[in-house]
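Peer 1:
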Amino acid sequence: MKELKDMTIEELWRLFPIVLEKHNTNYTAWYNEEKEKLARVLRDLNIYRVNHIGSTAVKGLVAKPIVDILLELPENYDVNIAADLLQNDGWILMRQDIARKTIDLNKGYTPNGFAKKVYHLHVKPAGDWGELYFRDFLRQNPDVARQYEALKKSLLEQFKYNRDAYTEAKTAFITGNTEKARKEYAGRYAPYLNSVSN
80 MKELKDMTIE ELWRLFPIVL EKHNTNYTAW YNEEKEKLAR VLRDLNIYRV NHIGSTAVKG
140 LVAKPIVDIL LELPENYDVN IAADLLQNDG WILMRQDIAR KTIDLNKGYT PNGFAKKVYH
200 LHVKPAGDWG ELYFRDFLRQ NPDVARQYEA LKKSLLEQFK YNRDAYTEAK TAFITGNTEK
260 ARKEYAGRYA PYLNSVSN
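Residues 80 to 277 in the working numbering are what the sequence shown lists, from first letter to last.
#1: Can you give the Cα-Cα distance for Leu140 and Leu217, rounded to whole angstroms?
#2: Going by beta carbon distance, what residues of the same chain come within less than 7 angstroms of Tyr245, once the five residues before and after it are set aside?
#3: For Leu99, which residues from the same chain have a beta carbon less than 7 angstroms from its beta carbon, with the 5 sequence-adjacent residues on both sides left out?
#4: Under the rule that 16 or more other beta-carbon atoms within 10 Å means buried, what is Ala260, buried or exposed?
#5: Taking Glu82 as part of the beta strand (DSSP E), name the residues at either end of that continuous run.
#6: Spatial neighbours of His199 within its chain, please: CB distance less than 6 angstroms, with the 5 preceding and 5 following residues excluded, ordered by chain position.
#7: Would you list the residues sitting across from Thr181 in a DSSP beta bridge?
#8: Which ranges does the alpha helix (DSSP H) cover as unbroken runs of at least 4 residues, wholly within the stretch 215-257, from first to last along the chain?
#9: I need the straight-line Cα distance from Asn159 to Lys180, nearest angstrom please.
#10: Starting from Ala194, trace the beta strand (DSSP E) both ways and give me its first and last residue.
#11: Compute the distance between the beta-carbons of Tyr156 and Pro204, then report whether it is under 8 angstroms.
#12: Pop quiz: Val129 and Leu150 are said to be a contact at Cβ under 8 angstroms. What is the actual Cβ separation, rounded to whole angstroms?
#13: Do Met173 and Asp163 have their beta-carbon atoms positioned less than 8 angstroms apart in this structure?
#14: For Phe213, which residues in the same chain have their Cβ closer than 7 angstroms to its Cβ, ignoring the five residues on either side in sequence?
#15: DSSP three-state call for Glu112: helix, strand or coil?
#16: Any chance you could list the beta strand (DSSP E) runs of at least 3 consecutive residues sitting entirely within the stretch 115-174, in chain order?
#17: Under 8 angstroms between the Cβ atoms of Leu152 and Ile126?
#18: Going by beta carbon distance, what residues of the same chain come within less than 7 angstroms of Trp208, once the five residues before and after it are set aside?
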């Protein structure tokens, strides 16, 4: 059996297709469990804020069964140290951008497919991130959440085995509603003014 690192992108997409499921009430508990672990693993890096983002953070919304976590660190954090600490805790490094100080990791991807619990971790410097605004907008506007759900379902068959194209096809909807949310909740997540974690 091939290791994940030896697979082509097409093989990975076949092994890990886009799957949409009804909201699982365990998502919040899974997030909280991982949030506690992250606090221990990165205790020396002064975590600024941790949030459950993405569709699994919106009650009742159909979603890929993957818990997305946004973890913010101080602007001067060392990307390499953070990446090493997380990889030593079982996270798989997907992307690392030293210039932008971002790291993307995942957990729950196996050579046999998805594990029961699957996570994507997005590590960034503290900022006024759009993911937080979009999540809040979906939570507070059920009609928009239903539109987003309908869009995802409409894209599933065409892009089941092409995660990049699936994501790209949702971009205009996400960007447009994130901008509306930024106007409505202006400054809600500005660094050092407010450090709400959800």
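We put the CB at the ideal spot given by N, CA and C, even for glycine. Because the structure is a prediction, the values reported are computed rather than measured.
Peer 2: Reading it off the structure:
#1: Taking the first residue of the sequence shown as 1, we reach residue 140 at position 61. Taking the first residue of the sequence shown as 1, we reach residue 217 at position 138. When rounded, the distance between both Cα atoms is 9 angstroms.
#2: What you label residue 245 is simply residue 166 of the sequence shown in a count that begins at 1. Closer than 7 angstroms at the Cβ level, and outside the excluded window around Tyr245, lie Ile97, Leu234 and Phe238.
#3: What you label residue 99 is simply residue 20 of the sequence shown in a count that begins at 1. Taking Leu99 as the centre and dropping the five residues before and after it, the same chain places the C-beta of Val141, Ala142, Lys143, Lys231, Lys232 and Leu235 closer than 7 angstroms to its C-beta, in chain order.
#4: Numbered from 1 along the sequence shown, position 181 holds the residue referred to as residue 260. Burial state of Ala260 is buried, judged by a 10 Å Cβ sphere holding 16 or more other Cβ atoms.
#5: Locating residue 82 in the sequence shown gives position 3, counting from the first residue. Unbroken run through Glu82: none, as it is neither H nor E.
#6: Indexing the sequence shown from 1 puts residue 199 at position 120. Within the same chain, His199 has close Cβ partners Ile145, Asp147 and Asn185.
#7: Walking along the sequence shown from the start, residue 181 turns up at place 102. Note: Thr181 is bridge-paired with Asp176 in the DSSP secondary-structure output.
#8: Complete alpha helix (DSSP H) runs here, min 4: 221-238.
#9: For the purposes of this step, residue 159 is taken as the residue at position 80 of the sequence shown. For the purposes of this step, residue 180 is taken as the residue at position 101 of the sequence shown. In this structure, the alpha-carbon of Asn159 lies about 9 angstroms from that of Lys180.
#10: Within the sequence shown, residue 194 is the residue found at index 115, counting from 1. Looking at the DSSP string, the run of the beta strand (DSSP E) that includes Ala194 is Gly192 to Pro204.
#11: Position 77 of the sequence shown holds residue 156. Position 125 of the sequence shown holds residue 204. In this structure, Tyr156 lies near Pro204, with their beta-carbon atoms less than 8 angstroms apart.
#12: Residue numbering aside, residue 129 sits at position 50 when the sequence shown is read from its first letter. Residue numbering aside, residue 150 sits at position 71 when the sequence shown is read from its first letter. The distance from the Cβ of Val129 to that of Leu150 is about 5 angstroms, consistent with a contact at the 8 angstroms cut-off.
#13: Here residue 163 corresponds to residue number 84 of the sequence shown, with the count starting at 1. Here residue 173 corresponds to residue number 94 of the sequence shown, with the count starting at 1. No, the Cβ-Cβ distance between Asp163 and Met173 is not below 8 angstroms.
#14: Here residue 213 refers to the residue found at position 134 when the sequence shown is read from its first residue. Around Phe213: Ile253, Asn256, Thr257 and Ala260.
#15: Position 33 of the sequence shown, counting from 1, holds the residue named residue 112. Note: Glu112 maps to helix in three-state DSSP.
#16: Whole beta strand (DSSP E) segments, 3+ residues: 128-132 and 146-152.
#17: Looking up residue 152 in the sequence shown gives position 73. Looking up residue 126 in the sequence shown gives position 47. Taking 8 angstroms as the Cβ cut-off, Leu152 and Ile126 qualify as a contacting pair.
#18: For the purposes of this step, residue 208 is identified with residue 129 of the sequence shown, where counting begins at 1. Closer than 7 angstroms at Cβ, skipping near neighbours: Leu149 and Tyr268.
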